[in-house]
Amino acid sequence: MTENAHAGRDEPPFEEALDDLRAVIADLEGGRLGLEESLARFEAGVGLLRRCRATLERAERRVELLTGVDADGEPVTEPFDASATAEQAGAGRRDAGTAKSPRNRRRAADEDEPDGLF
617 MTENAHAGRD EPPFEEALDD LRAVIADLEG GRLGLEESLA RFEAGVGLLR
667 RCRATLERAE RRVELLTGVD ADGEPVTEPF DASATAEQAG AGRRDAGTAK
717 SPRNRRRAAD EDEPDGLF
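What follows is the structure, encoded as structure tokens:
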């Protein structure tokens, strides 16, 4: 990464920071660096990780859910709430013990019918 590559910007784009972080990890896992260089790469990696996390958090706050389309064909959205989504996912699941599979429904139907051919 060169200094000129980011002229006029405070930080690199997310994808570039992530690629740089992957390179730091590869360097550290390679085991070919000396102690001082390893420490410097580690510190750089921590900075890149913080930058990537901050970018993801900002993006997460900007995400909106598409809730429908109005009469003019325009999208209707509402803010995305990740914590509410996790709660709804748990509440929306059926209890595995009470849900009937197609096979269980057939067995129940067979039991309700009078003695048949089989």
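Taking this note's numbering, the leading residue of the sequence shown gets 617, the next gets one more, and so forth.
Just so it is clear, CB atoms sit at the ideal spot from N, CA and C, and this is done for glycine as well.
Owing to the predicted nature of the structure, the values given are computational and were not obtained by experimental measurement.
CB of residue i within 8 Å of CB of residue j, strictly
{"i": "L644", "j": "F630", "result": "no"}
{"i": "L637", "j": "L665", "result": "yes"}
{"i": "L681", "j": "P691", "result": "no"}
{"i": "G661", "j": "V640", "result": "yes"}
Rounded separation between residue i and residue j - CA only
{"i": "E673", "j": "A642", "result": "25 Å"}
{"i": "D711", "j": "A670", "result": "Annotation note: pLDDT 48 at D711 (below 50); position unreliable, no value reported."}
{"i": "A633", "j": "A675", "result": "15 Å"}
{"i": "E652", "j": "G646", "result": "15 Å"}
{"i": "G663", "j": "S699", "result": "27 Å"}
{"i": "D635", "j": "G650", "result": "22 Å"}
{"i": "R648", "j": "G689", "result": "58 Å"}
{"i": "D697", "j": "A687", "result": "26 Å"}
Which listed residue (the options) has its alpha carbon closest to that of residue i
{"i": "P695", "options": "V662, R678, L634 and G646", "result": "R678"}
Proximity test, residue i beta-carbon vs the ligand MG heavy atom, cut-off 7 Å
{"i": "P691", "result": "Only the bare structure without any ligand can be found here, which leaves the ligand MG out of the picture."}
Residues near residue i in its chain [Cβ-Cβ closer than 8 Å; skip 5 each side]
{"i": "T693", "result": "E680, L681, L682 and T683"}
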